[in-house]
Amino acid sequence: MNLPMHSMNLLSTRRLSLGYNSALVITDLDLAIPAGKVIALVGANGCGKSTLLRGLARLLQPQAGTVYLDGAEIFKLSTKAVAKRLGILPQGPVASAELTVRDLVAQGRYPYQNWLQQWSKEDERMVEQALATTGMTHLAERSLDTLSGGQRQRAWIAMALAQDTEILLLDEPTTFLDLAHQVEVLDLLYELNQREGRTIVMVLHDLNQACRYADYLVAIREGQVYAQGEPREVMTEVMVREVFGLECRIVPDPVAGTPMCVPIGRRCSRLQTYSGLQPGEVQ
Amino acid sequence: MRKNWLVIRPQPLPVSFRLDRRVPVVLLMLVLITLTAVVLNVGQGDYPIPLLEVLKTILRLPTANADYPFVVNTLRLPRTLVAFGVGMGLAISGTILQGLTRNPLVESGIIGMNAGASVTAVTLIVLFPNVPPFALPLSAFGGALAVALFIYLLAWDKGSSPIRLILVGVGMVAVLNAVTTLLLTFGEINGVSQALVWLAGSVYGRSWEHVSLLLPWLIVFVPLSLMLSRQLNALNLGDDIARGLGTRIEWQRSLLFLISAAMVGASVATAGTIGFVGLMAPHLGRHLVGPTHEGLMPTAALLGGSIVVLADWLGRLLFAPIEIPCGVITAAIGAPYFVYLLIRNRK
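Chains F and V, in that order, give the protein sequences.
If you count by our numbering, then the first sequence holds residues 721 to 1003, one letter each, in order.
If you count by our numbering, then the second sequence holds residues -12 to 334, one letter each, in order.
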């Protein structure tokens, strides 16, 4: 895949306000998504991170402000042209149970097809490649309802890959998966970024996974960017308190060395021996 | 590795297609079943005609009996063709509605579009008996479209539960049928008796005139539905994915609803309300060729056509010489099927 290197920020917003009906969820948000990186959007439930992702993917018409794709207003571009550059995988997508994996992945080629060209050689090549990348080739003829949750999620990611876009937006790609499958999906996304240079923007719930897999962290609070930057800059005890309302300790991840958040709940009997603090001293 | 696709890609041309490998075989078989059903239905009646003679008569070959051409070509063939066309229309409408709503329990009859088409058509028959015949499908189309729009505004919500759509539909059917009853009660007797015959959901007494009223609708909207199969595939994955893939969802969904309403309007205006065809045909079709609409749409259309032709045949065979309207037969088979799907879908 050839990436145009003229722009460091493929996707950006200016004074973006998003909402449903009259309630604003995102207000006056300025954000630039660095190209070629893995970006994680984090924040508490209802902070607007999923809404922001939908706004970036032009699924939601802004109430005010603009989303720019390569400097052009995204809503002024043809939606098919956008679909060739930017793929979106919403949370918990549902397809017909009888659909086979290959049928689903082939749907990713929609923006490249028309009434005459419904299945070009390029379409076929990209679908095979997407199946191979996600390790789904041997399951290609299986119908979706016969797959495990992790396999199904990989099938959806394969569909997004077949769309062959430089930017991939994913809303909580690991929800409903067990830990092993979460790591499997995140590893896959990381490899896609490393090998093919795709920009990956994802909403993640797990802060430690976000720190481990993302180059760039965007913490959202009440519809605004609270902090953004590399995980080791953004991931502080103050940030977690302000954004999530949670007291925690930040320690180095024993495996990756990235920041790791260890929450302090009410049940923290070892706290005293751990840090020399009385449990009562922590709010 | 086994591939389930048949790829058509003639080298020098900028054209390429892909179909499920099962589609051509299934379509061929359905064509044969349809032809058999047509011949059976034409042969059946007070005046039975041997099947070979039916074929000869339809093909305008010399026949054993001079009466056959009249019985076959004037009386029974148009009626059978109407049955086939109506079934095809209802099946296409059901396939579109199930694809758009992602709800396997939906069809035009269940969400009230058939009833809506009846109300406007009955209004026309009872209140304006002198309108030209082509106005009937138009008014039925209007009624079906109005109900589709109403359902869309009232029950369409992201993640709207399948049951909600059906409950709103049940309410619509009750209200619209009440309006129809009202019209029949207070209408002028000639118009009412004409409407009653037609409302039963039967192809009794349909002539070439009816065929020619139905045909233009099929010629326009059947190819259109086939052309929009790809869009329906995308919309079937949900609004967000469809939009992410570059579909103009509002425009394409409106167009598909329009096709669905047109098919219902034309069908109901020709043969009254024949229920459950739009439910059964896409279901059977998915079992035969899978859920991809390029293959499902023509499969369901042929299935729907042959279901109504066979229902008409059964209706005249079971209690001969008494004739049961084909709408009663499709309901007798379709209603239990619906209940079965309802129970299976609850899990």
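C-beta: ideal position from N, C-alpha, C; glycine also.
- Query: Do the CB positions of V264 of chain V and G291 of chain V come within less than 8 angstroms of each other?
  - Reply: Yes, they are a contact pair.
Checklist entry - First and last residue of the alpha helix (DSSP H) that includes N928 of chain F? => result Note, N928 of chain F: alpha helix (DSSP H), L927 to Y933.
In terms of residues, what are the limits of the beta strand (DSSP E) holding N729 of chain F?
N729 to Y740 is the span of the beta strand (DSSP E), which, as asked, contains N729 of chain F.
May I ask you to list the residues that DSSP assigns as paired with A784 of chain F?
Its beta-bridge partners are F:S737.
Original post:
Taking just the CA atoms, how far does Q914 of chain F sit from I246 of chain V?
Top reply: If you take the alpha carbons of I246 of chain V and Q914 of chain F, they lie about 47 angstroms apart.
Review point. Can you check whether the CB of I940 of chain F is closer than 8 angstroms to the CB of L736 of chain F?
Key: Cβ distance not < 8 angstroms, so L736 of chain F and I940 of chain F don't count as in contact.
M879 of chain F and G917 of chain F - do their beta-carbons sit closer together than 8 angstroms?
No; because the gap between Cβ atoms is not below 8 angstroms, this pair is not in contact.
*Touch check for the stretch 863 to 878 of chain F and the stretch 843 to 855 of chain F: three-plus C-beta pairs under 8 angstroms?*
Yes: the two stretches touch, three or more of their Cβ pairs being nearer than 8 angstroms.
Subject >> Close Cβ partners of Y946 of chain F (< 6 angstroms) along its chain, the five nearest in sequence each way excluded >> reply: Answer for Y946 of chain F: A939 and V963, listed in chain order.
Per-residue contacts from L859 of chain F into chain V (C-beta, under 8 angstroms)
Taking a Cβ-Cβ cut-off of 8 angstroms, L859 of chain F has no neighbours in chain V, whose nearest Cβ is about 11 angstroms from it.
Requested in this report: Select from the stretch 77 to 111 of chain V all residues with a C-beta closer than 8 angstroms to any C-beta belonging to chain F, and list them in chain order.
Outcome: Closer than 8 angstroms at the C-beta level to chain F, one finds these residues of the stretch 77 to 111 of chain V: R89.
Kindly indicate the opening and closing residues of the alpha helix (DSSP H) around M879 of chain F.
Here the alpha helix (DSSP H) through M879 of chain F covers G869 to A882.
Backbone secondary structure at P65 of chain V - three-state DSSP:
Note: P65 of chain V maps to helix in three-state DSSP.
Could you please give the first and the last residue of the uninterrupted beta strand (DSSP E) stretch that includes C767 of chain F?
-> That residue, C767 of chain F, is in no beta strand (DSSP E); it is neither H nor E in DSSP.
CB L924 of chain F to CB E892 of chain F, shorter than 8 angstroms? Contact flag set, yes.
Please report the straight-line C-alpha distance between C931 of chain F and P979 of chain F, rounded to a whole angstrom. For C931 of chain F and P979 of chain F, the distance between alpha carbons rounds to 6 angstroms.
Query raised in the report: Who are the neighbours of P1 of chain V on chain F, taking C-beta pairs under 7 angstroms?
Result: The contacting residues are L836 and Q837.
Apart from the five residues on each side of it in sequence, which residues of its chain come closer than 8 angstroms, Cβ to Cβ, to G146 of chain V? Residue confidence for G146 of chain V is low, a pLDDT of 49 falling below 50, so the modelled location carries little weight and cannot support an answer.
Problem - Every unbroken alpha helix (DSSP H) within the stretch 782 to 819 of chain F, with a cutoff of 4 residues, ordered by chain - result: DSSP runs (the alpha helix (DSSP H)) wholly in the stretch 782 to 819 of chain F: 799 to 803.
Of the listed residues V:V59, V:V276, V:M75 and V:R5, nearest to A258 of chain V (C-alpha basis):
The residue with the shortest Cα to Cα distance from A258 of chain V is V:M75.
Expected contact under 8 angstroms - CB spacing of S126 of chain V and A108 of chain V to nearest Å
Indeed, because the Cβ distance is near 6 angstroms, the residues count as touching under 8 angstroms.
Notebook entry, point to check: What do you reckon, are the CB atoms on S216 of chain V and E281 of chain V nearer than 8 angstroms?
Noted result: If you check the CB distance, S216 of chain V and E281 of chain V come in under 8 angstroms.
Kindly indicate the opening and closing residues of the beta strand (DSSP E) around L6 of chain V. Note, L6 of chain V: beta strand (DSSP E), F4 to D7.
Does DSSP put G81 of chain V in a helix, in a strand, or in coil? Helix.
- Meets three-Cβ-pair contact criterion under 8 angstroms: the stretch 78 to 97 of chain V and the stretch 113 to 120 of chain V: Between the stretch 78 to 97 of chain V and the stretch 113 to 120 of chain V there are fewer than three inter-stretch CB-CB distances shorter than 8 angstroms, so the stretches are not counted as touching.
Identify the contact partners of P1024 of chain F in chain V, using a Cβ-Cβ distance below 8 angstroms as the criterion. Residue 1024 of chain F lies beyond the residue range present for chain F, which begins at 721 and ends at 1003; the question has no answer from this structure.
(message) I'd like to know whether the C-beta of P782 of chain F is nearer than 8 angstroms to at least one C-beta of chain V.
(response) Taking Cβ atoms only, chain V never reaches closer than 8 angstroms to P782 of chain F, which makes this a no.
Interface residues of chain V around G766 of chain F at Cβ under 8 angstroms? Neighbours of G766 of chain F in chain V, taken as residues at a C-beta separation under 8 angstroms, are lacking, since the least C-beta distance is about 17 angstroms.
What number of angstroms, rounded off, separates the C-alpha of T234 of chain V from the C-alpha of E175 of chain V? Distance between the alpha carbons of T234 of chain V and E175 of chain V: 49 angstroms.
>> Short of 6 angstroms in beta carbon distance, which residues of its chain neighbour A253 of chain V, apart from the five on each side in sequence? Order them along the chain.
In response: Excluding residues within five positions, the ones whose Cβ falls inside 6 angstroms are G76, P124, L201 and W204.
Output the boundary residues of the alpha helix (DSSP H) element that contains P951 of chain F. Residues P951 to V954.
Kindly indicate the opening and closing residues of the beta strand (DSSP E) around D748 of chain F.
Run containing D748 of chain F: A743 to P754, per the beta strand (DSSP E) assignment.
Q) For L114 of chain V, which residues of its own chain have a beta-carbon under 8 angstroms away from its beta-carbon, when the five flanking residues on both sides are left out? A) Here the set comprises L170, G174 and G178.
When the cut-off is 8 angstroms and only beta carbons count, does S840 of chain F lie next to chain V?
Taking 8 angstroms as the CB threshold, S840 of chain F lines the interface with chain V.
Ranges of the alpha helix (DSSP H) found wholly within the stretch 216 to 294 of chain V, counting only runs of at least 4: Within the stretch 216 to 294 of chain V, the alpha helix (DSSP H) runs of at least 4 residues that lie entirely inside it are, in chain order, 216 to 222, 226 to 231, 236 to 258 and 264 to 276.
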